[in-house]
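Visitor:
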Amino acid sequence: MRTRPTLTWHDPDAELPRTTSLDEVVDVVGRGRVAVLSGAGISTESGIPDYRGDEGSLRRHTPMTYDDFVASTDGRQRYWARSHVGWRTIARAAPNDGHRAVAELQRRGLITGVITQNVDGLHQAGGARDVIELHGSLDRVICLGCRRTSARDELDRRLHAANPAFGAVATRVNPDGDVELDDRDVATFALVDCADCPGGVLKPDVVFFGENVPRPRVEQCYQLVDDSDALLVLGSSLTVMSGLRFVRHAARAGKPVLIINRGRTRGDKEASVRVDRPLGEALTELVSSV
C-alpha cells in the first residue's frame, strides 16, 4: 500500500522519560557488536534539515511521492527542476562530528555496521564503511526503463546543457534534495531522457515516499541486526515503518535498543534508554568515553 508522507503519529501513552546521560550507551557500546540505525537528525549539523523536528521540512512542504513522479511529465518536471537546484547544496555538504564519531567507533571495532535512512552519503564521506543505504542515495540516478544506474554528476551536466539559461535559486534545501521554486521557473525547465534507451524516464536512485524498499536490502538490514548484540538509533523519529521495523525486531530478540535523538520517537517503548541531546555533541562524548 502506498501512502502520503507522515508528519507525526498519535501515541495515547504517557511520554517516557528521557535523559542527557550517556552512561548506559557507553556501557553497551563499549562491549561492542552494536548496529547503528541513523536518520536525518544526524545530518542537521551539516546544514541539511530533518523531516519531522520542530523545524522539520514536512511542516512546510510535501515531498515527491512515487505515484506522483511516475504519473505525469509535469510531476517529473517539478521534481527535477527543484532537485537540480537542491543537489548543489547536498553535493557541497560536509560530514559533521556525528558522522566522524560513527566512523571512529566502527574503526575501533565496536560497530558491526550502519543502516542509514539518509540519502546524502555523509556517513561514507565521514569515513564509515559498508553503509547500507536503506532509502538509496541522491548521488545516483536510475532509468525506470532499462534500469541502468549512473552518477548524479553525469545527469547534472546534461541538465545544465539542456537548461543553459536556468538560474533559479532557493534559500532552503530539504532532506530529499528538493527545494521550493516559483512555478514560472519550473515551467521553463527541460527534462532529459536516459542516455542509453530512448524515452527512458530517469529517477533518483532513492526510495520515494510511498515506494517500497527493495526486499533484498531489507533482509540485509535484518541480518545486520541479527548479527549484532544491540541497536543504536541516531537522529531518527522512527515515524515510518521503514526504520521502526528494525527497532521492533531487535527488541523482540531481547537486544538493547539505545536511542539518541532530539525529542520523542515512535520507538521509545522499545528503547532501554532515550538520550535527548544534539548528535554531534553526544557522539563526540561517546567516542571519548568508550
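For the sequence shown, the positions run 1 to 290 when my numbering is used.
Just so you know, even glycine gets a beta-carbon here, dropped at the ideal spot from N, CA and C.
Looking at the unbroken alpha helix (DSSP H) that takes in Gly145, where does it start and where does it end?
Guide: Segment: none, Gly145 is in no alpha helix (DSSP H) and carries neither H nor E.
Visitor: Go ahead and pull the three-state DSSP assignment for Val225.
Guide: Correct three-state label for Val225: helix.
Visitor: Among Arg148, Gly280, Leu202, which residue has its Cα nearest to the Cα of Phe69?
Guide: When each option's Cα is compared against that of Phe69, the closest is Leu202.
Visitor: Can you tell me whether Pro95 is buried or exposed, with buried defined as 16 or more other CB within 10 angstroms of its CB?
Guide: With 16 or more Cβ atoms within 10 Å of its Cβ, Pro95 is classed as buried.
Visitor: Is Thr73 helix, strand or coil by DSSP?
Guide: The answer is helix: DSSP assigns Thr73 an H, G or I state.
Visitor: Starting from Ala35, follow the beta strand (DSSP E) in both directions and report where the run begins and ends.
Guide: Where Ala35 is concerned, the enclosing beta strand (DSSP E) stretches over 34-38.
Visitor: How about Ser38 and Gln124: are their beta carbons less than 9 Å apart?
Guide: No, the Cβ-Cβ distance between Ser38 and Gln124 is not below 9 Å.
Visitor: Can you have a look at Glu15 and say buried or exposed, based on whether 16 or more other CB atoms are within 10 angstroms of its CB?
Guide: Exposed.
Visitor: So, at 8 Å on beta carbons, what are the nonlocal neighbours of Ala162 in its own chain, with the 5 sequence-adjacent residues on each side left out?
Guide: Cβ neighbours of Ala162 beyond the five flanking positions: Ala190, Leu191, Val192.
Visitor: Assuming Leu122 contacts Ala165 (C-beta within less than 8 Å), just tell me the rounded distance between them.
Guide: At roughly 32 Å, the Cβ-Cβ gap does not stay under 8 Å, so Leu122 and Ala165 are not in contact.
Visitor: State the DSSP-derived secondary structure class of Asp23, mapped to helix, strand or coil.
Guide: It is helical.
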